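Here our numbering is used: the first residue of the sequence shown is 950, the next is one more, and so on.
Note that CB positions come from ideal geometry on N, CA and C, so glycine has one too.
Nothing here was measured: the structure is a model prediction, and the numbers come from that model.
Below is one structure, written out as structure tokens, with a few remarks after it.
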Amino acid sequence: MKEKSVTSLDVAKLAGVSRPTVSLVLNNSKAVSLSEETKQKVRNAARVLGYKPNSAALMLRRGATNTVGLVITEGRSLQVDAFIPLLHYAIAGVMREAGYSLLLETFERKENQNPYADLVVSHRIDGLLVLSPSTDDEDLKALIEQDYPVVLIGSTGHPREHCVFTSTREGTGAAASHIMDLGHRNIGCIPFSPPGFAATDSRLRELREALSAAGIALQDDAVFHGDFSAESGHAATLALMKAKPDTTAIFAGNDTIALGVIGALTSLGLSVPGDVSVVGYDDLPFSGYIAPPLTTVGIDADKQGRMAAEMMVRRLRGEAIEETRLAMPSNFIARGSTGPVRR
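What follows is the structure, encoded as structure tokens:
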């Protein structure tokens, strides 16, 4: 009977690490940082088991794949956020024209595991696009600092990042001014995700600053976070209106959340905008055609996707990139979901 060959999975189990970590150590990859203790555990396990990587497979993996990964940092958003398909379509078109395939992956963080390792360490991709990066993602930070070809769709503020993000400050300021001009002073907010996502945190901060400049404070107990879906926006709005029944205007973190906000207000017997005005973000294709048409801060998903993909192609080709942080403008669009406060 032929003896079963030792695999990297056997080494991983003995060392108490993930399989990608074994590949990282035994390939002497510098794509991510690992402690010397972890490296030694892997080497010891490989020596005990007599494991030797397949050299032919390693050579194949080290060649260019002509594939770029697009990582969605919150997998649930794929099911509910209409912004992502628009972005994906734009990125895929640019990559296809440049001769690259696009691999769509979701982000899954587990304790003591690098969520990018399977893509990066195994050389399944040549570069990585990351949507909605988190400001406290240390594994992503390590990739950026080691000059791996990463382009962020959004920004963590890292000084060495390559990114394309939408500057929502101007659009948020215009939306806040619009709401205040209509007489609203009791204002609530339903961000599109839990805290920690760069876009969520920046939109909330900008809204607070715009209102504060006019002498209006957005209180913490008037902010109820959604969780990407319209359903979560619905639940958060019910909680907001229970805590703050005098709320007359709500800023939703994006247009998907705004659908849930409007639905919740309707279920409470409140009219939009008669009783409560609603503002969204993104200007998704449906936003101008719901009832009432949604007032929103417009973000060009197609343009952002194309710009991020073009930056990635230039990185992969080794071309010089003078502006590594590209900011796109946002624009405020007033529609029927906002109106004067009811006296």
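Using the beta-carbon count (16 or more within 10 Å), is residue i buried or exposed?
i, result
"aspartate 1231", "buried"
"glycine 1076", "buried"
"lysine 990", "buried"
"isoleucine 1270", "exposed"
"leucine 1009", "Confidence at leucine 1009 is low in this model, with a pLDDT of 42, below 50, so the placement of that residue should be treated as unreliable; the coordinate-derived value is given next. It is exposed - the Cβ of leucine 1009 has fewer than 16 other Cβ atoms within 10 Å."
"leucine 1051", "buried"
"alanine 1192", "exposed"
"alanine 1163", "exposed"
Can you grab the Cα-Cα spacing for the pair residue i / residue j, in whole Å?
i, j, result
"histidine 1133", "aspartate 1224", "11 Å"
"glutamate 986", "threonine 1022", "29 Å"
"glutamate 1110", "leucine 1089", "10 Å"
"arginine 1073", "alanine 1123", "44 Å"
"leucine 1208", "proline 1222", "14 Å"
"leucine 1007", "aspartate 1176", "Here leucine 1007 scores only 45 on pLDDT, less than 50, and its place in the model should not be relied on; the value that follows carries that caveat. Cα-Cα distance, rounded: 41 Å."
"leucine 1101", "arginine 1291", "43 Å"
"alanine 1125", "leucine 1027", "29 Å"
"alanine 1166", "leucine 983", "45 Å"
"leucine 1068", "phenylalanine 1146", "22 Å"
"threonine 1105", "aspartate 959", "37 Å"
"phenylalanine 1032", "valine 955", "45 Å"
"alanine 1041", "arginine 1255", "9 Å"
"glutamate 1054", "proline 1289", "44 Å"
"lysine 962", "asparagine 993", "12 Å"
"threonine 970", "methionine 1190", "48 Å"
From what residue to what residue does the beta strand (DSSP E) around residue i run?
i, result
"glutamate 1158", "Here glutamate 1158 belongs to no beta strand (DSSP E); instead the alpha helix (DSSP H) covers 1147-1161."
"glycine 1229", "1226-1231"
"phenylalanine 1295", "Residue 1295 is absent from the structure shown; the chain starts at 950 and stops at 1292."
"glutamate 1271", "Looking at the DSSP string, glutamate 1271 is not in any beta strand (DSSP E), and its letter there is neither H nor E."
"isoleucine 1102", "1099-1102"
"valine 1069", "Unbroken run through valine 1069 is the alpha helix (DSSP H), 1066-1069; no beta strand (DSSP E)."
"asparagine 1280", "1280-1282"
"leucine 1051", "1050-1055"
"alanine 1198", "1198-1201"
Hey, residue i and residue j are a contact pair by Cβ (cut 8 Å); roughly how many whole angstroms apart?
i, j, result
"valine 1172", "leucine 1160", "12 Å between Cβ atoms; not a contact."
"threonine 1115", "glycine 1202", "The pair is not a contact, with the Cβ atoms about 13 Å apart (cut-off 8 Å)."
"valine 1079", "valine 1020", "5 Å"
"aspartate 1204", "serine 1236", "5 Å"
"leucine 1035", "alanine 1250", "4 Å"
From which residue to which residue does the alpha helix (DSSP H) around residue i run?
i, result
"threonine 1215", "1204-1216"
"phenylalanine 1032", "1032-1046"
"serine 1026", "1026-1029"
With a threshold of 9 Å between beta carbons, is residue i in contact with chain C?
i, result
"isoleucine 1206", "The structure shown has no chain C; it contains just one protein chain."
Discussion item. Pairs of beta-carbons, one from the segment 984-1001 and one from the segment 1082-1100, closer than 8 Å: are there three or more?
Written reply: The segment 984-1001 is not in contact with the segment 1082-1100.
Discussion item. Three or more C-beta pairs under 8 Å: does that hold for the segment 1205-1216 against the segment 1263-1280?
Written reply: By the Cβ test, the segment 1205-1216 is not in contact with the segment 1263-1280, since fewer than three Cβ pairs between them sit closer than 8 Å.
Practice prompt. May I ask you to verify whether the segment 1180-1189 touches the segment 1139-1147, counting CB pairs closer than 8 Å and requiring at least 3?
Written response: With contact defined as three or more Cβ pairs closer than 8 Å, the segment 1180-1189 and the segment 1139-1147 are in contact.
Fill in: Segment contact flag, the segment 1078-1089 with the segment 1234-1252, C-beta cutoff 8 Å, min 3 pairs
The segment 1078-1089 makes no contact with the segment 1234-1252: fewer than 3 CB pairs, one atom from each, lie closer than 8 Å.
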